[in-house]
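Here is the structure we will look at, set down as structure tokens.
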Amino acid sequence: MTDEKVILVTGAARRIGACIIEKFHIQGYLVIIHHNRSGEAANALADKLNKQRANSAMCLQADLNHLNAIETLASDTLACYQRLDVLVNNASSYYPTPFGIATQQQWDDLQNSNLRGAFFLTQELNQELANRQGAVINIVDTYADRPHHHHSIYNIAKAGLKTMTKALAIDLAPKVRVNGVAPGSILWPATLENGNDPNVVQARKKVQKKIPLGTLGQPRDIADATYFLASDASYITGQVIKVDGGRSLN
């Protein structure tokens, strides 16, 4: 049993998930990095953090599409450091599903990764989180409120995750706080990564004009909001904070 606080972040090998892991690690947490198919990146992140502080990071693999894998992930999580203080449901699939040609397989995949997995993992870990007066933070999306064209199944799943955040804030109170962070434009999508392409430059400017703060956010902005909700927000529950540079105001 350790006296240090422990966090599990799902989908934590890369991008926002990895940034959340690093934020909490810097703050002294022991971190558990969940991944599905990104084992190489997850292990590299754990190795980096363990060089900074020995035995402070572990990796766990699980396919959140399967309930038995979720149950195993929960038990393996508690076996790592014999405690859990914070759960961040970050794992997510994202791709277009144009209405009219969307498939049941796409429905199941997007609902499982964005909603069902988060619900059942939280349920499996609730007792330990309650024992620690812990916190759950769900990484939602501003598309939960402003649906993205041709991404109907993803939009529905994230809207469900937002509602789940509020519902579980009631069900898990007073011992566990449940909140969410809704990222807006964080990092350029693959189609807008080539900053040397004039068409890409124009498309980027079009996006930035819609953001009052005039720029995209960074993964660290999501990590900072997540850390705030986990550590400094003892009287906040059932809330979803939009981190979008004000874009949702337009």
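First residue of the sequence shown: 1495, per the numbering used here; consecutive thereafter. Even for Gly, the Cβ is constructed at its ideal location relative to N, Cα and C. All of these numbers come straight from a predicted model, not from anything done at the bench.
#1: Classify His1529 as buried or exposed, calling it buried when 16 or more other Cβ atoms lie within 10 Å of its own Cβ.
#2: Mind checking Asp1542: buried by the 16 CB within 10 Å criterion, or exposed?
#3: CB Ala1585 to CB Gly1711, shorter than 8 Å?
#4: By a C-beta neighbour count over all protein chains shown, 10 Å radius and 16 as the cutoff for buried, is Asn1620 buried or exposed?
#5: So, does the segment 1577-1593 touch the segment 1628-1643, judging by three or more C-beta pairs under 8 Å?
#6: Following the continuous beta strand (DSSP E) through Lys1736, name the residue where it begins and the one where it ends.
#7: Taking its Cβ as the centre, do 16 or more other Cβ atoms sit within 10 Å of Ala1638, making it buried, or is it exposed?
#8: Measure the C-alpha to C-alpha separation of Asp1718 and Ser1679 and round it to an integer number of angstroms.
#9: If I follow the unbroken beta strand (DSSP E) through Leu1502, where does it start and stop?
#10: Would DSSP call Arg1671 helix, strand or coil?
#11: For a quick check, are the C-beta atoms of Met1552 and Ile1520 less than 8 Å apart?
#12: Please state the DSSP three-state secondary structure of Asn1544.
#13: For Ala1535, which of Cys1513, Phe1614 and Gln1600 has the nearest alpha-carbon?
#14: Indicate, with yes or no, if the ligand HEM has a heavy atom lying under 7 Å from the CB of Tyr1729.
#15: Check Asn1690 in the structure and name its three-state DSSP category.
#16: Taking the C-alpha atoms as reference points, what is the distance between Leu1539 and Pro1677?
#17: Within 10 Å of its beta-carbon, does His1644 have 16 or more other beta-carbons around it, so buried, or fewer, so exposed?
#18: What's the C-alpha gap between Leu1769 and Thr1591?
#19: Identify which residue in Ala1629, Trp1682, Gly1732 and Gly1739 has its Cα closest to the Cα of Arg1509.
Working from what's here:
#1: Buried, since its Cβ has 16 or more Cβ neighbours within 10 Å.
#2: It should be pointed out that residue 1542 corresponds to Lys in this sequence rather than to Asp. Using a 10 angstroms sphere on the CB of Lys1542, the tally of other CB atoms stays under 16, which defines it as exposed.
#3: With contacts defined as CB atoms closer than 8 Å, Ala1585 and Gly1711 fail to qualify as a contacting pair.
#4: Under this definition Asn1620 is a buried residue.
#5: In the pairwise beta carbon analysis, the segment 1577-1593 is classified as touching the segment 1628-1643: at least three pairs are separated by under 8 Å.
#6: First-last of the beta strand (DSSP E) with Lys1736: Val1734 to Val1737.
#7: Note on Ala1638: 16 or more other CB atoms within 10 angstroms of its CB, so buried under the neighbour-count rule.
#8: If you take the alpha carbons of Asp1718 and Ser1679, they lie about 16 Å apart.
#9: In the DSSP annotation of this structure, the continuous segment of the beta strand (DSSP E) that includes Leu1502 starts and ends at Val1500 to Val1503.
#10: Of the three classes helix, strand and coil, the one that applies to Arg1671 here is strand, per DSSP.
#11: No. Outside cutoff.
#12: Here Asn1544 carries a helix assignment [DSSP, helix/strand/coil].
#13: Per the Cα distances, Cys1513.
#14: The model on display carries no ligand, and the ligand HEM is accordingly not part of it.
#15: Asn1690: coil per DSSP, three-state reduction.
#16: Taking the straight line from one Cα to the other gives about 23 Å.
#17: His1644 counts as exposed, since fewer than 16 other C-beta atoms from the protein chains shown sit within 10 angstroms of its C-beta.
#18: Because the chain is modelled from 1495 through 1744, residue 1769 falls outside the range shown and cannot be assessed.
#19: Closest option to Arg1509, Cα to Cα, is Trp1682.
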